[in-house]
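Engineer: Residue numbers (my numbering), protein chains in the order written: chain A, 15 to 321; chain B, 5 to 245.
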Amino acid sequence: MSIVVENLTKKYGEQKAVNDISFEIKTGEVVGFLGPNGAGKSTTMKILTCFMAPSSGDIRIDGDSIHTNPEKIKKRIGYLPENNPLYLEMPIVDYLRFTAEVQGVEKSLIPQRIAEMIDRCGLDREKHKNINELSKGYRQRVGLAQAMIHDPEILIFDEPTTGLDPNQIIEIRKLIKDLGKEKTVILSSHILSEVEATCDRIIIINKGRIVADGTSEILRSQAEGQELLKISIEAPAEKVEKAILGLGSVEKVTEIEGKDGWFQVQSKPDVSSRKEIFDLCVKNSWYLMEMSGFETRLEDVFQKLTK
Amino acid sequence: MGKIWIITRRELASFFDSLIAYVMIILFLGLSGMFTWLVGTNVFLMNQASMQVFFSIAFWSLFFFIPAITMRMIAEENKAGTIELLITKAVTDNQIVLGKFFACLILVVIALVCTLPYYITLSQLGNVDDGAVIGGYMALLMLSASYISIGLFSSSLTQNQIVAFLTALTIGIFFHLLFDVIGNTITGVAGSVFNYLSMSVHFESMSRGVVDSRDLVYFISIIAIGLLSSQVMLSKRNWQS
Numbered sequence: 015m016s017i018v019v020e021n022l023t024k025k026y027g028e029q030k031a032v033n034d035i036s037f038e039i040k041t042g043e044v045v046g047f048l049g050p051n052g053a054g055k056s057t058t059m060k061i062l063t064c065f066m067a068p069s070s071g072d073i074r075i076d077g078d079s080i081h082t083n084p085e086k087i088k089k090r091i092g093y094l095p096e097n098n099p100l101y102l103e104m105p106i107v108d109y110l111r112f113t114a115e116v117q118g119v120e121k122s123l124i125p126q127r128i129a130e131m132i133d134r135c136g137l138d139r140e141k142h143k144n145i146n147e148l149s150k151g152y153r154q155r156v157g158l159a160q161a162m163i164h165d166p167e168i169l170i171f172d173e174p175t176t177g178l179d180p181n182q183i184i185e186i187r188k189l190i191k192d193l194g195k196e197k198t199v200i201l202s203s204h205i206l207s208e209v210e211a212t213c214d215r216i217i218i219i220n221k222g223r224i225v226a227d228g229t230s231e232i233l234r235s236q237a238e239g240q241e242l243l244k245i246s247i248e249a250p251a252e253k254v255e256k257a258i259l260g261l262g263s264v265e266k267v268t269e270i271e272g273k274d275g276w277f278q279v280q281s282k283p284d285v286s287s288r289k290e291i292f293d294l295c296v297k298n299s300w301y302l303m304e305m306s307g308f309e310t311r312l313e314d315v316f317q318k319l320t321k
Numbered sequence: 005m006g007k008i009w010i011i012t013r014r015e016l017a018s019f020f021d022s023l024i025a026y027v028m029i030i031l032f033l034g035l036s037g038m039f040t041w042l043v044g045t046n047v048f049l050m051n052q053a054s055m056q057v058f059f060s061i062a063f064w065s066l067f068f069f070i071p072a073i074t075m076r077m078i079a080e081e082n083k084a085g086t087i088e089l090l091i092t093k094a095v096t097d098n099q100i101v102l103g104k105f106f107a108c109l110i111l112v113v114i115a116l117v118c119t120l121p122y123y124i125t126l127s128q129l130g131n132v133d134d135g136a137v138i139g140g141y142m143a144l145l146m147l148s149a150s151y152i153s154i155g156l157f158s159s160s161l162t163q164n165q166i167v168a169f170l171t172a173l174t175i176g177i178f179f180h181l182l183f184d185v186i187g188n189t190i191t192g193v194a195g196s197v198f199n200y201l202s203m204s205v206h207f208e209s210m211s212r213g214v215v216d217s218r219d220l221v222y223f224i225s226i227i228a229i230g231l232l233s234s235q236v237m238l239s240k241r242n243w244q245s
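Right, here's the structure in full:
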């Protein structure tokens, strides 16, 4: 199973919501679409789920195109739209049964699938209620249950955790992680930590284009470029600064303001200066109190890419 | 057909859960019963064992009730966003529209079936022309189906149910009344075209018990055009730019 997106473009009037994006997703990947609001994440998902047709370009799932075979594709996808719209006046079980029937689940299997979904999504205590009697967190679970009811290979969640409390967010993330073991999951978010916590692969979209694609480590190292260290040495400051600058692997040293004996060291591209600094301290009998790498946060990567 | 029926069943259940169905049936029966048996030119005043009185009342009451049933069908889903959920399931736009159409039609049929006691009562009082009764019910069914398809189209235009209701009435009044009036005031070809477009002309000829293919073609065309336009409006998201 593979999802191939080719030169996808969607125009709203003059504005291009999605601008010529292409990528490929393989079975079992958990992919996060990341991007500021209005970047084109939801639009891409709406095209992927055959809700609307693109202005140009194609998506193929195992060779079936969204243009020619939407029914077949829809059957293989479970979708949770943004804001989780549901038929509020319906009881949960009726709603799940309706979804199962529409998705073509075999009649004899439906009761079993409903029971499974209620169990898996933790809806047991609420199962006799109408959807409009549920809190937001439970509605989200119903949304997840209806997306998974026909056991699809691909799950697409558009901002699955918006508006939930921290405990619920953790639960849903755990569920997504579990799902990712057997299914292909595509989710969108503008919360970086969430994507980092749940996804194997991150696609950053900005203004309708893909600006980065890879694991969170790859994205970080791309943004970092050069190693950045924070060190603390107990010795006369000027001497230390001079000595470190003299090392072959170091490009720049700056004293951290307000902190005595703390320096920020930037290495030359593609080399690490950690060992040399350590050796230097040993040679001069200085006390190396601390040495740590500056971890580039995904937030910084994101800001850099989407500005 | 399977998918259409699944959607129809859900819509019907929601009519009955939300009390719309009960309110509609009770109001319809109350109004048509009152005018058929008690008030104005009722059956007793006419002194004839005929369902004509009821048919001409139903002709008007359905005209108002049907937009009230259809107004929410698509507009509500547009507003709540559930249309996105429905469309991304394994159904076609066509099946969605037809499913909703049949749900409305079945509700109207239930309401009409509830008026069968009128016929039974009348047949006890005198000789009823059975052909005219069958024709009359068929005419009501065709009229309802036409207004349902117009109502669905109006509902697909907007997110606002009141706008949908008023649009359906506005389109409806042309067929119900205005084309007839225009057809009668102007002469020549244009006059007969407007006459042909008028719902009441076809309704009357059918409810006299004469089922003419001209009338059937007329009703079926309106239904088909209404349903197709609703589907086009639903699919608009695909080519809208």
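For each residue, glycine too, the CB sits at the ideal point set by N, CA and C.
What does a CB cutoff of less than 8 angstroms around B:I190 pick up in its chain, not counting 5 residues either side in sequence?
Structural biologist: F198
Engineer: Taking only beta-carbon atoms, is A:V156 less than 8 angstroms away from chain B?
Structural biologist: no
Engineer: If we count the other Cβ atoms within 10 Å of its Cβ and call it buried at 16 or more, is B:Q128 buried or exposed?
Structural biologist: exposed
Engineer: Taking 8 angstroms as the CB-CB cut-off, is B:K7 touching chain A?
Structural biologist: yes
Engineer: For B:A72, does the three-state DSSP call read helix, strand or coil?
Structural biologist: Looking at B:A72 - three-state DSSP - the assignment turns out to be helix.
Engineer: Considering just the uninterrupted stretch of the beta strand (DSSP E) at B:L129, what are its terminal residues?
Structural biologist: Not the beta strand (DSSP E): B:L129 falls in the alpha helix (DSSP H), residues L120 to L129.
Engineer: Apart from the five residues on each side of it in sequence, which residues of its chain come closer than 6 angstroms, Cβ to Cβ, to B:D184?
Structural biologist: S202 and S204
Engineer: Which chain A residues sit within Cβ distance under 8 angstroms of B:T162?
Structural biologist: Within chain A, no residue comes near B:T162; the closest Cβ sits about 17 angstroms away, beyond 8 angstroms.
Engineer: What are the start and end residues of each continuous alpha helix (DSSP H) run of 4 or more residues lying completely inside the region 50-94 of chain A, in chain order?
Structural biologist: Whole alpha helix (DSSP H) segments, 4+ residues: 55-62 and 84-90.
Engineer: Determine the extent of the alpha helix (DSSP H) in which A:A129 is found, giving its start and end residues.
Structural biologist: Start and end: I124 to R134.
Engineer: Would you list the residues sitting across from A:W276 in a DSSP beta bridge?
Structural biologist: Paired residues: A:S246.
Engineer: Three-state secondary structure (DSSP) at A:K336?
Structural biologist: Given a span of 15 to 321 for chain A in the structure shown, any question on residue 336 of chain A remains unanswerable.
Engineer: B:A72: which of B:I152, B:N46, B:I10 and B:R14 sits nearest, CA to CA?
Structural biologist: Ranking the options by Cα distance to B:A72, first place goes to B:I152.
Engineer: Kindly say whether A:V116, judged by its beta-carbon, lies nearer than 8 angstroms to any beta-carbon of chain B.
Structural biologist: yes
Engineer: Between which two residues does the beta strand (DSSP E) holding A:I162 run?
Structural biologist: Per the sequence presented here, residue 162 of chain A reads as Met, with Ile not at that position. It is not in any beta strand (DSSP E) - A:M162 instead sits in the alpha helix (DSSP H) that spans K150 to M162.
Engineer: For A:E140, is the classification buried or exposed, using 16 other Cβ atoms within 10 angstroms of its Cβ as the cut-off for buried?
Structural biologist: Residue environment for A:E140: buried (at least 16 other C-beta atoms within 10 angstroms of its C-beta).
Engineer: Just list the residues that DSSP pairs A:N220 with in beta bridges.
Structural biologist: A:R223
Engineer: Please determine, among A:L94, A:E96 and A:G157, the residue with the shortest C-alpha to C-alpha distance to A:L110.
Structural biologist: A:G157
Engineer: Out of A:D172, A:C213, A:G71 and A:M305, state which residue places its alpha-carbon closest to the alpha-carbon of A:K188.
Structural biologist: Here the closest residue by C-alpha is A:C213.
Engineer: Are the C-beta atoms of A:P95 and some chain B residue less than 8 angstroms apart?
Structural biologist: Chain B, which has a Cβ nearer than 8 angstroms to the Cβ of A:P95, makes this yes.
Engineer: Near A:D72, which residues of its chain fall below 6 angstroms by C-beta distance, leaving aside the five closest residues on each side in sequence?
Structural biologist: Result list for A:D72: E20 and S79, in chain order.
Engineer: Quick check on DSSP: helix, strand or coil for A:E208?
Structural biologist: In the structure shown, A:E208 sits in a helix (DSSP, three-state: H, G or I).
Engineer: Going along the chain, which residues of its own chain have a beta-carbon closer than 6 angstroms to the beta-carbon of A:V254, five neighbours each way excluded?
Structural biologist: I247
Engineer: Scan the region 96-111 of chain B for residues whose Cβ lies nearer than 8 angstroms to a Cβ of chain A and list them as they occur along the chain.
Structural biologist: T96
Engineer: If we cut at 8 angstroms on Cβ distances, does B:R241 have a partner in chain A?
Structural biologist: yes
Engineer: Report whether the distance from the Cβ of A:T58 to the nearest heavy atom of the ligand SAH is below 7 angstroms.
Structural biologist: This structure simply doesn't include the ligand SAH, nor any ligand for that matter.
Engineer: If you drop the 5 nearest sequence neighbours on each side, which residues of the same chain put their C-beta closer than 8 angstroms to that of A:G118?
Structural biologist: K89 and H164
Engineer: Are any of the Cβ atoms in chain A nearer than 8 angstroms to that of B:A94?
Structural biologist: Residue contact check for B:A94 against chain A: a CB pair falls below 8 angstroms.
Engineer: Contact criterion: CB-CB distance below 8 angstroms. Does B:R76 meet it with respect to chain A?
Structural biologist: no
Engineer: For the region 277-318 of chain A, list the beta strand (DSSP E) runs that are entirely contained and at least 3 residues long, ordered along the chain.
Structural biologist: 301-307
Engineer: What residues of chain A sit near B:I10, judged by a beta carbon separation below 8 angstroms?
Structural biologist: F112, E115 and V116
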